[in-house]
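K.L.:
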């Protein structure tokens, strides 16, 4: 079987698995966030945290809940790392330096999971399982909660209430993420992923010395790392490490975990908004972009020129032979079009255009299908912009799901779109304007520029993957990328929840003959075009200095 055919079959198997999960998981999540019933364990959690899950919240109260909970998470994780040296189960590792502890705490709370450290050489079992893995669950649940709040803004009328943040948070963990993670961890263990609390031990003798590895609760952390679109690996090699991702079956399963909730949330959106076809329209836009990026990535990595490419059957540099180009390309596109950031290959070693595709996937806003929750609310904000553009073209007041899109709503949407590019381009420019940051570049020229542009693109978009040619463990990068991660995560949430509150307070607008049919393929095409145009106008100059220049020079 040819490598290209094998890649196509992998893609088809993935599409079938996602298709079979779409309806049952999407409907289940809709029931979870629409139910008035509380489970026994949920009632105990509400009692411990002192929350009343039946009290409706307007958007400022909902936002305060998001920010307060996340701030406590940052402080707790920072303190846990700073005290690691005196904790049991530390494996002898010392406490984490202040700038790196801040960076890591911001990273995992913001669902970014950017890592400027070697996991197996820095973090003990307590920090890994009691700190990082816990944040993988709750940060993902926060993203879903904000998305559900926006959906309620479209579905409700003449009320400012968007639900209860604490109820949405707890239900997301207890009823969605935990059950799937338990099953997924068992699947990964059966594939060969390790799950233990062993100490550091020698695994064999090599030329002139020994190699030491430590074990860990890897399978349980790996599953939520992918399912929650987090991305932080137990080991520095992330999902290319055989303890995290041993074979082709585990690789395909991890890609499935990355995509299943973001895609299925479009079904949840349709059910909660009262029109399943509206969910299909959003799904169509996400799937179009995802399939297009996957095809482009496979083509550029298989079509490399030169003897080395021909002998290897494509651009195999930086890729694991057990995954090949197809498995690596599928993973790279899935992880950068979502907010996952896990990697099973070396993105810096991709072809010039291949590296550009991973970067562009993040710069789209990670909305195809995006992170858990963040992908859906990002796509819905884009839908608001697309409806506004359509209204300008035909001279009608724009409407979406029976709600008028006026000055207030467009202002919130515009602010949402401007936050991330301002962080990415601003910090990239500052890094090149100063003398010290550029010393962290491994490469010069266009590829060196891409290293720094990729780092801030990854941080501000809450992705967490790295181009892997940049020494980011410096005070400058630890601090600025940490700031970019926090602002890139929570500032957009401010505008999303403000938009949700504005929509929830409106009266529904009756549909007329001139109303734009947003459940039709025409609107899906308009939405995809709007996304591509906005991203192109924003990032094309920067991409031209980096991956495009490198790709054209090859």
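Residue numbers (the numbering used here): 1013 to 1566. Cβ coordinates follow ideal geometry from the N, Cα and C atoms, glycine included.
1. By Cβ distance below 6 Å, which residues in the same chain neighbour residue 1551 in space, the five residues on each side in sequence not counted?
2. What residue ranges within the region 1205 to 1246 form continuous beta strand (DSSP E) runs of no fewer than 3 residues, ordered along the chain?
3. Count the other CB atoms within 10 Å of the CB of residue 1253; is the residue buried (16 or more) or exposed (fewer)?
4. Around the Cβ of residue 1529, are there at least 16 other Cβ atoms within 10 angstroms (buried) or fewer (exposed)?
5. Given this structure, state the Cα-to-Cα distance separating residue 1025 from residue 1182, to the nearest angstrom.
6. Taking only three categories from DSSP, how would you classify residue 1130?
7. Which residue or residues does DSSP assign as beta-bridge partners of residue 1070?
8. Could you tell me the alpha carbon to alpha carbon distance between residue 1294 and residue 1022, rounded to whole angstroms?
9. Which word fits residue 1224, buried or exposed, when buried means at least 16 other C-beta atoms lie within 10 angstroms of its C-beta?
10. Quick check on the DSSP output: the alpha helix (DSSP H) that includes residue 1406 runs from which residue to which?
11. When you compare each of 1306, 1539, 1291 and 1371 to residue 1400 by their alpha carbons, which one comes out closest?
12. At a threshold of 7 Å, does residue 1197 count as lining the ligand NAD (C-beta to nearest heavy atom)?
13. Under the three-state reduction of DSSP, which class applies to residue 1453: helix, strand or coil?
14. Taking residue 1164 and residue 1155 to be in contact with their CB atoms under 8 Å, please state how far apart those CB atoms are, rounded to whole angstroms.
15. Apart from the five residues on each side of it in sequence, which residues of its chain come closer than 8 Å, Cβ to Cβ, to residue 1574?
16. Can you list, in chain order, the residues of its chain with a C-beta nearer than 6 Å to that of residue 1291? Leave out the 5 residues immediately preceding and following it.
17. Compute the Euclidean distance between the alpha carbons of residue 1437 and residue 1444, then round it to the nearest angstrom.
18. Would residue 1109 and residue 1491 qualify as a contact pair, given that the criterion is a beta-carbon distance under 8 Å?
19. So residue 1313 packs on residue 1368, CB below 8 Å; how close in whole Å?
20. Using the beta-carbon count (16 or more within 10 Å), is residue 1213 buried or exposed?
21. Cα separation between residue 1186 and residue 1054?
22. Are the Cβ atoms of residue 1193 and residue 1034 separated by less than 8 Å?
23. Look up residue 1256 in the DSSP assignment and say whether it is helix, strand or coil.
24. Closest to residue 1266 by C-alpha separation, out of 1484, 1129, 1126 and 1354, would be which residue?
P.N.:
Once the coordinates are examined:
1. Answer for residue 1551: 1375, listed in chain order.
2. Listed in chain order, they are 1213 to 1218 and 1221 to 1225.
3. By the 10 Å Cβ count, residue 1253 comes out buried.
4. Per the 10 Å Cβ criterion, exposed.
5. So the two alpha carbons sit approximately 33 Å from each other.
6. Three-state result, residue 1130: coil.
7. Its beta-bridge partners are 1173.
8. Looking at the two C-alpha atoms, the distance is approximately 24 Å.
9. By the neighbour-count rule (16 or more Cβ atoms within 10 Å), residue 1224 is not buried but exposed.
10. Per DSSP, residue 1406 belongs to the alpha helix (DSSP H) from 1386 to 1406.
11. When only C-alpha atoms are compared, the closest one is 1539.
12. Ligands are entirely absent from the displayed structure, and the ligand NAD is therefore not among its contents.
13. Three-state result, residue 1453: strand.
14. No, residue 1164 and residue 1155 are not in contact; Cβ-Cβ is about 15 Å, not under 8 Å.
15. An answer regarding residue 1574 cannot be provided, because it is not within the stretch 1013 to 1566 covered by the chain.
16. For residue 1291, where only same-chain residues beyond five positions count, the Cβ hits under 6 Å are 1278, 1279, 1281 and 1282.
17. Rounded to the nearest whole angstrom, the C-alpha separation of residue 1437 and residue 1444 is 11 Å.
18. Here residue 1109 is not near residue 1491, since their CB atoms are 8 Å or more apart.
19. About 12 Å; that fails the 8 Å criterion.
20. For residue 1213, the number of other beta carbons within 10 angstroms of its own is below 16, and it is reported as exposed.
21. Approximately 8 Å between the Cα atoms of the pair.
22. In this structure, residue 1034 does not lie closer than 8 Å to residue 1193 by Cβ.
23. In this structure, residue 1256 counts as coil in the three-state DSSP scheme.
24. Minimum Cα distance to residue 1266 is reached at 1354.
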